[in-house]
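Trainee:
Residue numbers (the numbering used here), protein chains in the order written: chain A, 3 to 203; chain B, -13 to 166.
#1: Could you tell me how far apart the beta carbons of residue 174 of chain A and residue 117 of chain A are, in whole angstroms, since I believe they sit closer than 8 angstroms?
#2: Along the region 110 to 127 of chain B, what residues have a CB closer than 7 angstroms to any CB found in chain A?
#3: Roughly how many whole angstroms lie between the Cα atoms of residue 29 of chain B and residue 25 of chain A?
#4: Tell me the residue span of the alpha helix (DSSP H) that contains residue 33 of chain A.
#5: If you measure from the beta carbon of residue -4 of chain B to each beta carbon in chain A, is any gap under 7 angstroms?
#6: Buried or exposed for residue 160 of chain B, going by 16 or more other Cβ atoms inside 10 Å?
#7: Quick one: using the 10 Å Cβ neighbour count with 16 as the cut-off for buried, is residue 192 of chain A buried or exposed?
#8: Residue 17 of chain B lies in the alpha helix (DSSP H); which residues open and close that run?
#9: Within this structure, are the beta carbons of residue 181 of chain A and residue 137 of chain B separated by less than 7 angstroms?
#10: If contact is defined by three or more beta carbon pairs under 8 angstroms, each pair taking one atom from either stretch, is the region 104 to 114 of chain B in contact with the region 119 to 137 of chain A?
#11: Let's see if you can read the secondary structure: which residues bound the beta strand (DSSP E) around residue 157 of chain A?
#12: Quick one: grab the DSSP three-state call for residue 129 of chain B.
#13: Checking 7 angstroms against the spacing of the C-beta atoms, do residue 85 of chain A and residue 90 of chain B come in under that value?
#14: Using CA atoms only, rank isn't needed, just tell me which of A:61, A:87, A:99, A:137 is closest to residue 178 of chain A.
#15: With burial defined as no fewer than 16 other Cβ atoms inside 10 Å of the residue's Cβ, what is the status of residue 15 of chain A: buried or exposed?
#16: Determine, for residue 65 of chain B, whether the minimum Cβ-Cβ distance to residues of chain A falls below 7 angstroms.
#17: Which residues in chain B have a C-beta closer than 8 angstroms to the C-beta of residue 77 of chain A? List them in chain order.
#18: Under 7 angstroms, Cβ to Cβ, is there at least one residue of chain A near residue 42 of chain B?
#19: Starting from residue 78 of chain A and walking both ways along the alpha helix (DSSP H), at which residues does that stretch end?
#20: Among the residues of its own chain, which have a CB less than 7 angstroms from the CB of residue 203 of chain A, if the five just before and after it don't count?
#21: Which of helix, strand or coil does DSSP assign to residue -1 of chain B?
#22: Would you kindly report the start and end of the unbroken alpha helix (DSSP H) that includes residue 159 of chain B?
#23: What's the call for residue -6 of chain B, buried or exposed, on a 16-neighbour Cβ count within 10 Å?
#24: Check the Cβ-Cβ distances between residue 67 of chain A and every residue of chain B, and say whether any is below 7 angstroms.
#25: Quick check on the burial criterion: 16 or more other C-beta atoms within 10 angstroms. Buried or exposed for residue 82 of chain B?
#26: For a cutoff of 7 angstroms on Cβ pairs, would you count residue 116 of chain A as touching chain B?
#27: Measuring CA to CA, which of A:91, A:11, A:35, A:5 is closest to residue 150 of chain A?
#28: Can you tell me whether DSSP reads residue 87 of chain A as helix, strand or coil?
#29: Spatial neighbours of residue 51 of chain A within its chain, please: CB distance less than 8 angstroms, with the 5 preceding and 5 following residues excluded, ordered by chain position.
#30: On the DSSP bridge assignment, give the partners of residue 160 of chain A in chain order.
#31: Keeping to the same chain, check which residues put their C-beta closer than 7 angstroms to that of residue 161 of chain A; ignore five residues upstream and five downstream.
#32: Can you look up residue 88 of chain B in the DSSP assignment and give me helix, strand or coil?
#33: Buried or exposed, going by whether 16 or more other CB atoms sit within 10 Å of the CB of residue 57 of chain A?
#34: Beta carbon of residue 7 of chain B, beta carbon of residue 94 of chain A: below 7 angstroms?
#35: In angstroms, rounded to a whole number, what distance separates the CA positions of residue 57 of chain B and residue 41 of chain A?
#36: Are there 16 or more other CB atoms within 10 angstroms of the CB of residue 72 of chain A, so buried, or fewer, so exposed?
Below, the structure is given as structure tokens:
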């Protein structure tokens, strides 16, 4: 088996759009099933009331990571043909802080806002209008901020390369971290569950 | 979407177990890696739509911009015939189907008891603006950077993901009246 199939020419650009649509349906279905069409469910993460965002995200990361590295190890997937978004360290640090703050203020992240609109959340529609406005602002400002926005460009960079560790060991450490995180999530939820809004003014 | 659809009258089903939903999401992501050689995304589709809208209003401006012109060059013959645009339309359909099956499709505004609907809309918009800016600086959002980059062990993806949690927890206290 030669994968990624698209990179080996098993189907063309037009067909890839159908694949995109089908993968999107499955993606949206999973997000909604997890409860991520609800801003209250999503933002409960940031008050330690419901750590579903962390649990779902890290379970997904571990599942996809184990699957991909296994398929690469047995030679079915050529990992070098899987696109890894280039690292721009400082813009990504600042971008992450902005997106995280925007997440708890706005109630959704870009993908989950789409699912929320699909299930009738009017605030999600307003949220998407804001996202588009933000993209417009930064797109217009881009020429004047390229100095920062295109700084610390490190290209395709992975954690095994950063820490000079074998990829298998990093995969193992991520799994350990996730399991530790799942345990910690339960502890935090139990500690914060019974706090009324008044105790947390 | 209408409030009197049969699905809306049924009490909504409970959400899926988070680990089960996570495995499902992980398998979708894995399928995307194996079939396409790329991960999932969301904010890129909004950017394509934004670039096309600007191009319709001010073509010279859009095509002269180093930022928008990149998105106008994308897609299979048309900037909206773009992978992420089709994927996000799928997300809309998939989210709707799941919501319909679970009896969760209902026109509503999500907010805590201590904020008005108008106040909620102001926060929803402001948060969106921050996310739009953040996602473009980071070259991706929670899906395109954190989820993909997390699974692919991307250095930038992991840095981004940790900062998303830091930013979320950092701003949470400030907007607690909106949710708690």
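All C-beta atoms, glycine included, are put in the ideal place defined by N, C-alpha and C.
Mentor: From the atom records:
#1: With a Cβ gap of about 32 angstroms, residue 174 of chain A and residue 117 of chain A do not count as contacting.
#2: 110, 111, 112, 113, 114, 115, 116, 117, 118, 119, 120, 121, 122, 123, 124, 125, 126, 127
#3: 16 angstroms
#4: 15 to 36
#5: no
#6: exposed
#7: exposed
#8: 4 to 22
#9: no
#10: yes
#11: 155 to 157
#12: helix
#13: no
#14: A:61
#15: exposed
#16: no
#17: Near residue 77 of chain A there are no residues of chain B at all, since even the closest Cβ is about 13 angstroms away, more than 8 angstroms.
#18: no
#19: Segment: none, residue 78 of chain A is in no alpha helix (DSSP H) and carries neither H nor E.
#20: In this predicted model, residue 203 of chain A has a pLDDT of only 44, less than 50, meaning its place in the structure is not dependable; the value taken from the coordinates is given anyway. Same-chain partners within the cutoff: there are none.
#21: coil
#22: No alpha helix (DSSP H) contains residue 159 of chain B, which DSSP labels as neither H nor E.
#23: Unreliable positioning characterises residue -6 of chain B in this predicted model, as indicated by a pLDDT of 49, which lies under 50. The coordinate reading is nonetheless provided below. Looking at its Cβ environment, which holds 16 or more other Cβ atoms inside 10 Å, residue -6 of chain B is buried.
#24: yes
#25: buried
#26: yes
#27: A:91
#28: coil
#29: 191, 194, 195
#30: B:140
#31: 172
#32: helix
#33: buried
#34: no
#35: 30 angstroms
#36: exposed
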